[in-house]
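For the record, in the sequence shown the residue sitting at position 270 is 270 according to UniProt numbering, with numbers rising by one throughout. Idealized CB from N, CA, C, for every residue including glycine. To keep things clear, I will list the structure first and then write my remarks on it.
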Amino acid sequence: MESAAEYTLRLVKGGARAHKSMGQVFLMSDEVINRIVSACTLQPGVPLVEIGPGLGVLTRVLAPKVEKMWAVELDKQKISILNRELKGLPIEIVNQDALKVNLDELWGAQKGYLVGNLPYYISSPLIMHFLDQGDSLSGMTIMVQKEVADRIAAPPGSKTYGILSIAVQISAQVTKVTDVLPSAFWPAPKVTSTVIRLDLRPYQGFDVDKKDFFRVVKAAFSQRRKTLGNSLAGGLGMKKEEVIERMQSAGISDGRRAESLSIEEFQVLTRVFKLS
């Protein structure tokens, strides 16, 4: 098998182009590909979907390891390349916007696995789109901008901890796999990337309504520079006095900042601010 660099350069010389409007960059590092594959939970009978296969440099390594694989690609030029280069492999190319992909429609009532180098400009919406389909998914190994990975994995008390951290962590166990330098791609992006693994699982002890929970979380982070009491009062449309009273009943100081609260503490606030 050609190395990732040889494969990519051959296709680029043959006319393949990276479209900036789609956030395309082509991975050229065998070392990074091996780390991605090692981080995936791949079993022959478990369906696999790749988001944004591009030229298929990772796809050609993954496909022989499973019985059936789907590759979701929006760029029709890349689909032509994939059909030619991956001929004979157990893979179905899907020409669709990844944000509209329904996993249940791909493989029915079972749990599959997802892998992908996600376009930076829609990585967060894509992650949430697939986390919302947890009944059809056991996990993901994905590459995102390092800044996004840091936010996803951030613990309470850190500057990068916020709504995205909480939204992912209530649905999945987060593991950072490796950082990927710009030199691993063509054309080289201006930022470092990070491969992360998300193992989907119910968050232990989570017992509040998610809609109510995120209404409180979003209100708390609506004004990060303000104290929690002020942010909640403004975000929930309540008088500050009532907010303080309810927070005191929950044993949480109104002088704290949103980024200092754990998921468990946000659940406590959800109960005391139950609005529905």
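Next on the checklist: Given a cut-off of 9 Å on the beta-carbon distance, is the pair tyrosine 120 and valine 144 in contact?
Outcome noted: Their beta carbons are under 9 Å apart, which means tyrosine 120 touches valine 144 by this criterion.
Checklist entry - From which residue to which residue does the alpha helix (DSSP H) around serine 38 run? => result Where serine 38 is concerned, the enclosing alpha helix (DSSP H) starts and stops at 30-39.
Checklist entry - Do you know how far the Cα of valine 272 is from the Cα of glutamate 241? => result Distance between glutamate 241 and valine 272, taken at the CA atoms: about 14 Å.
Next on the checklist: Does the structure place the segment 224-243 close enough to the segment 202-209 that three or more beta carbon pairs sit under 8 Å?
Outcome noted: Because the criterion of three Cβ pairs below 8 Å is not met, the segment 202-209 and the segment 224-243 do not touch.
Item to check | valine 177 versus isoleucine 163: straight-line alpha-carbon distance, rounded | outcome: Those two C-alpha atoms are separated by around 22 Å.
Next on the checklist: By alpha-carbon positions, which one of Gly14, Gly23, Ile127, Thr59 ends up nearest to alanine 188?
Outcome noted: With distances taken between Cα atoms, alanine 188 lies closest to Gly23.
Next on the checklist: If contacts are defined as beta-carbon pairs under 8 Å, then threonine 141 and alanine 39 qualify, I think. What distance do you get, rounded to the angstrom?
Outcome noted: Rounded to the nearest angstrom, the Cβ distance from threonine 141 to alanine 39 is 5 Å, consistent with a contact under 8 Å.
Checklist entry - So, using beta-carbon positions, are leucine 48 and valine 66 closer together than 9 Å? => result Yes, these two residues count as a Cβ contact at 9 Å.
Next on the checklist: Buried or exposed for methionine 28, going by 16 or more other Cβ atoms inside 10 Å?
Outcome noted: Classification of methionine 28: buried, given that the 10 Å Cβ count is 16 or more.
Item to check | Pick from Asn95, Phe185, Asp97 that is closest to phenylalanine 26, judged by C-alpha positions | outcome: For phenylalanine 26, the nearest C-alpha among the options comes from Phe185.
Checklist entry - Terminal residues of the continuous beta strand (DSSP E) containing isoleucine 163? => result Unbroken run through isoleucine 163 is the alpha helix (DSSP H), 163-169; no beta strand (DSSP E).
Checklist entry - Which class does glycine 237 belong to by DSSP, given the choice of helix, strand or coil? => result In the structure shown, glycine 237 adopts coil according to DSSP, grouped into three states.
Next on the checklist: DSSP three-state label for alanine 154, please.
Outcome noted: Alanine 154 falls in the coil class under three-state DSSP.
Item to check | Separation of lysine 146 from arginine 197, as counted between CA atoms | outcome: Cα-Cα distance, rounded: 13 Å.
Item to check | serine 253 - DSSP class collapsed to helix/strand/coil | outcome: Of the three classes helix, strand and coil, the one that applies to serine 253 here is coil, per DSSP.
Checklist entry - With distances taken from CA atoms, which of Ser183, Thr227, Pro64 is nearest serine 253? => result Nearest Cα to serine 253 within the set Ser183, Thr227, Pro64: Thr227.
Checklist entry - Taking C-beta to C-beta, are valine 115 and isoleucine 170 nearer than 9 Å? => result Pairing valine 115 with isoleucine 170 gives a Cβ-Cβ distance that is not under 9 Å.
Checklist entry - Near aspartate 97, what residues of its chain come up, given a Cβ to Cβ distance below 7 Å and the 5 sequence neighbours on each side ignored? => result Residues Leu74 of the same chain have their beta carbon placed closer than 7 Å to that of aspartate 97, with the five preceding and five following residues left out of the count.
Checklist entry - Just to confirm, are leucine 118 and leucine 82 a CB contact at a threshold of 9 Å? => result Going by beta carbons, leucine 118 and leucine 82 fall outside the 9 Å limit.
Item to check | Given isoleucine 244 as reference, the closest of Leu269, Pro53, Arg224 once Cα atoms are compared | outcome: Checked all of Leu269, Pro53, Arg224; the closest Cα to isoleucine 244 is Leu269.
Next on the checklist: Here's the rule I'm using: 16 or more other beta-carbon atoms within 10 Å means buried, otherwise exposed. How should serine 249 be labelled?
Outcome noted: That one is exposed.
Checklist entry - When burial is assigned at 16 or more other CB atoms within 10 Å of the CB, is leucine 99 buried or exposed? => result Classified as exposed, leucine 99 has fewer than 16 neighbouring CB atoms from the shown chains inside 10 Å of its CB.
Next on the checklist: Starting from glutamine 43, trace the alpha helix (DSSP H) in both directions and tell me its first and last residue.
Outcome noted: The continuous stretches of alpha helix (DSSP H) do not include glutamine 43, and DSSP gives it neither H nor E.
Item to check | Beta-ladder partner(s) of arginine 197, from DSSP | outcome: Arginine 197 pairs with Thr141, Thr175.
Checklist entry - Excluding the five sequence neighbours on either side, which residues of its own chain have a C-beta within less than 6 Å of the C-beta of alanine 149, listed in chain order? => result Cβ neighbours of alanine 149 beyond the five flanking positions: Thr194, Ile196.
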